[in-house]
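Residue numbers (our numbering): 14 to 296. Step one of this worksheet: look at the structure below.
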Ligand SMILES: [Zn+2]
Ligand SMILES: [Zn+2]
């Protein structure tokens, strides 16, 4: 099994060294990991000092250098993939494209944590369905534009705002209101041969579900989606591989027969049967 969404100390909200993460991955019997440290193209009021373009570029450089070292140290034991979680790539398209052409990434996650005019959904307070629905409408519009741009391999945690709207602030969100927008996103992903991530972080958080949930994953399949990637979105080693077994079962229920791993942006489908029998399943 691969965990294709992992943050190290080079993410502003990550805790552990890449060596510690790799050691834990070996303990769990993983075949590989993708180190996907954040590059969030944004200047939100609270996080401005962390997110200047210069600091973002430096962080990407440090993470990439540490992955190069881990690839050397763990060769033959663990496949360490050079990844990045490119947040809001279009908020600074030039820097995004510079980083993508500078570092030899195996795997790029595309994601959105905040809209152009607001801060991370994590920092916002939700007090009505009406407010949440208005923000979700904008969120899906921005995601569609991101997929049109398309310079990533897998779309990360689609429905991210629900982690806080539904899970934390208990707002009754009607996702069905946005089916035209989510269908457009999923169709375009499928048409472009991109992957949809099943992000398992929600399984250890208040929302108690994957991001996105089963209905969206099934819809991706119905609309021609071929590639699913799985990630724990761990920000500390203790969360590594958490929920991946449930994520794989979910993909299976939705009609997928394989999971996808990317190397040098090339998708490799690995049938479910080849992922079994490893220690991670009991984690
Ligand atoms: Zn994220
Ligand atoms: Zn992440």
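Note that beta-carbon positions come from the ideal geometry of N, C-alpha and C, so glycine has one too. This one's a predicted model, so the numbers in the text were calculated from it and none came from an experiment.
For residue 76, the uninterrupted alpha helix (DSSP H) run begins and ends at 66 to 86, by DSSP. Annotated as distal: residue 197 and residue 240, with beta-carbon spacing of 7 Å or more. Each of 18, 20, 98, 246 has a C-beta closer than 6 Å to some heavy atom of ligand 2; these make up the full list, in chain order. Under the three-pair Cβ rule at 8 Å, the region 137 to 147 does not count as touching the region 83 to 91.
Taking non-hydrogen atoms of ligand 1 into account, the C-beta of residue 251 is found less than 6 Å away from none of them.
Taken through DSSP and simplified to helix, strand or coil, residue 124 comes out as strand.
The DSSP-derived three-state label of residue 150 is helix. The beta-bridge partner set that DSSP reports for residue 211 consists of 243. By the CB criterion at 7 Å, residue 50 and residue 24 fall inside the cutoff. The three-state reading of DSSP puts residue 98 in strand, counting E and B together. The DSSP-derived three-state label of residue 276 is strand. Here residue 220 is not near residue 243, since their CB atoms are 7 Å or more apart. Secondary-structure assignment with DSSP links residue 271 through a beta bridge to 284. In the three-state scheme derived from DSSP, where H, G and I count as helix and E and B as strand, residue 105 is classed as helix. Ranked by how close their Cα comes to the Cα of residue 276, the residues 41, 92, 30, 38 have 92 in first place. For the pair residue 263 and residue 287, the CB atoms are not nearer than the 7 Å cut-off.
When 191, 145, 216 are compared, the shortest CA-CA separation from residue 184 is found for 145.
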